[in-house]
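K.L.:
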């Protein structure tokens, strides 16, 4: 068990390095996305937070964003899990987890095809209408700003964007 925990910390530590495209490529080649999604659905709060953080780091890389948005099925799998996490966060709030979930959605909204799909029906209503802001701690300005940026991104979506 300790070996496993050290390995996980090593992966997370490597992800924290800015602009490490080799780590992202390695993770994508290992088919880590399905594992992350399972942890995000069924793990403890800490496990969910770490898995969502790793997904966020993958999405922040241009290649990672392209990989997630390459097929509708892959994109839908990610957004379905993120949606269920938003629903769960309403019952069991976690500021850290919410921050990572919002940042994942914000990054997805920067891809034209993803933005179109999010606008159609894949964005949680709590993010669309802003009610999720009630869950953000008063001093968490970055999450508040990301929610506003996400709403702005989605409201500026072109009507003729390419679809999945």
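Numbering (the working numbering), first residue to last: 1100 to 1263.
Note that beta-carbon positions come from the ideal geometry of N, C-alpha and C, so glycine has one too.
Quantities reported herein were computed from a predicted structural model and do not represent experimental measurements.
Going by the CB atoms, is the gap between residue 1198 and residue 1242 shorter than 7 Å?
P.N.:
Walking along the chain shown from the start, residue 1242 turns up at place 143. Walking along the chain shown from the start, residue 1198 turns up at place 99. Yes, Cβ-Cβ distance for residue 1242 and residue 1198 is below 7 Å.
K.L.:
When the Cα atoms are used, what is the spatial distance from residue 1208 to residue 1252?
P.N.:
Taking the chain shown and counting its residues from 1, one reaches residue 1208 at position 109. Taking the chain shown and counting its residues from 1, one reaches residue 1252 at position 153. Approximately 6 Å, taken between the alpha carbons.
K.L.:
Would you mind giving the Cβ-Cβ distance between residue 1230 and residue 1200, rounded to the nearest angstrom? I have them listed as a contact below 8 Å.
P.N.:
In the chain shown, the residue the question calls residue 1230 occupies position 131. In the chain shown, the residue the question calls residue 1200 occupies position 101. About 14 Å; that fails the 8 Å criterion.
K.L.:
At the level of alpha carbons, what is the spacing between residue 1160 and residue 1134?
P.N.:
Mapped onto the chain shown, residue 1160 falls at position 61. Mapped onto the chain shown, residue 1134 falls at position 35. Looking at the two C-alpha atoms, the distance is approximately 19 Å.
K.L.:
Under a Cβ-count criterion, where at least 16 other Cβ atoms within 10 Å of its own Cβ denotes burial, should residue 1284 be classed as buried or exposed?
P.N.:
Because the chain in this structure spans residues 1100 to 1263, residue 1284 falls outside the shown range and cannot be described.
K.L.:
Taking the straight line between their C-alpha atoms, what separation do you get for residue 1166 and residue 1216?
P.N.:
Here the question's residue 1166 lines up with position 67 in the chain shown. Here the question's residue 1216 lines up with position 117 in the chain shown. So the two alpha carbons sit approximately 16 Å from each other.
K.L.:
Short check: CB of residue 1248 to CB of residue 1205, under 7 Å?
P.N.:
Within the chain shown, residue 1248 is the residue found at index 149, counting from 1. Within the chain shown, residue 1205 is the residue found at index 106, counting from 1. In contact: residue 1248 and residue 1205 (Cβ atoms closer than 7 Å).
K.L.:
Taking buried to mean at least 16 other C-beta atoms within 10 Å of its own C-beta, is residue 1120 buried or exposed?
P.N.:
Translated into the one-based positions of the chain shown, residue 1120 becomes position 21. Its Cβ having fewer than 16 others within 10 Å, residue 1120 is exposed.
K.L.:
Taking Cβ to Cβ, would you say residue 1203 is nearer than 7 Å to residue 1155?
P.N.:
For the purposes of this step, residue 1203 is identified with residue 104 of the chain shown, where counting begins at 1. For the purposes of this step, residue 1155 is identified with residue 56 of the chain shown, where counting begins at 1. Contact flag set, yes.
K.L.:
Is residue 1206 near the ligand MG, going by C-beta to nearest heavy atom under 6 Å?
P.N.:
With respect to the ligand MG, the structure offers nothing, as it holds no ligand at all.
K.L.:
Along the chain, which unbroken stretches of the alpha helix (DSSP H) at least 4 residues long are found entirely within the region 1141 to 1192?
P.N.:
1144 to 1159, 1161 to 1168 and 1171 to 1190
K.L.:
Between residue 1168 and residue 1218, which are expected to be in contact by the criterion C-beta below 8 Å, what is the C-beta distance as a whole number of angstroms?
P.N.:
Translated into the one-based positions of the chain shown, residue 1168 becomes position 69. Translated into the one-based positions of the chain shown, residue 1218 becomes position 119. Wrong, their Cβ atoms sit about 14 Å apart, outside the cutoff.
K.L.:
Just to confirm the assignment, what range does the alpha helix (DSSP H) spanning residue 1252 have?
P.N.:
Taking the chain shown and counting its residues from 1, the one referred to as residue 1252 is at position 153. Unbroken alpha helix (DSSP H) run through residue 1252: 1240 to 1254.
K.L.:
DSSP three-state call for residue 1227: helix, strand or coil?
P.N.:
Here residue 1227 refers to the residue found at position 128 when the chain shown is read from its first residue. Helix.
K.L.:
Locate the alpha helix (DSSP H) running through residue 1198, then write down its first and last residues.
P.N.:
In the chain shown, counting from the first residue as 1, residue 1198 sits at position 99. Where residue 1198 is concerned, the enclosing alpha helix (DSSP H) stretches over 1194 to 1207.
K.L.:
What does the alpha-carbon distance come out to for the pair residue 1185 and residue 1137?
P.N.:
Here residue 1185 is taken as the residue at index 86 of the chain shown, counted from 1. Here residue 1137 is taken as the residue at index 38 of the chain shown, counted from 1. Rounded to whole angstroms, residue 1185 to residue 1137 spans 15 Å at the Cα level.
K.L.:
Mind checking which residues open and close the alpha helix (DSSP H) that includes residue 1212?
P.N.:
Within the chain shown, numbered from 1, the residue matching residue 1212 stands at position 113. It spans 1211 to 1216 - the alpha helix (DSSP H) in which residue 1212 sits, taken as one unbroken run.
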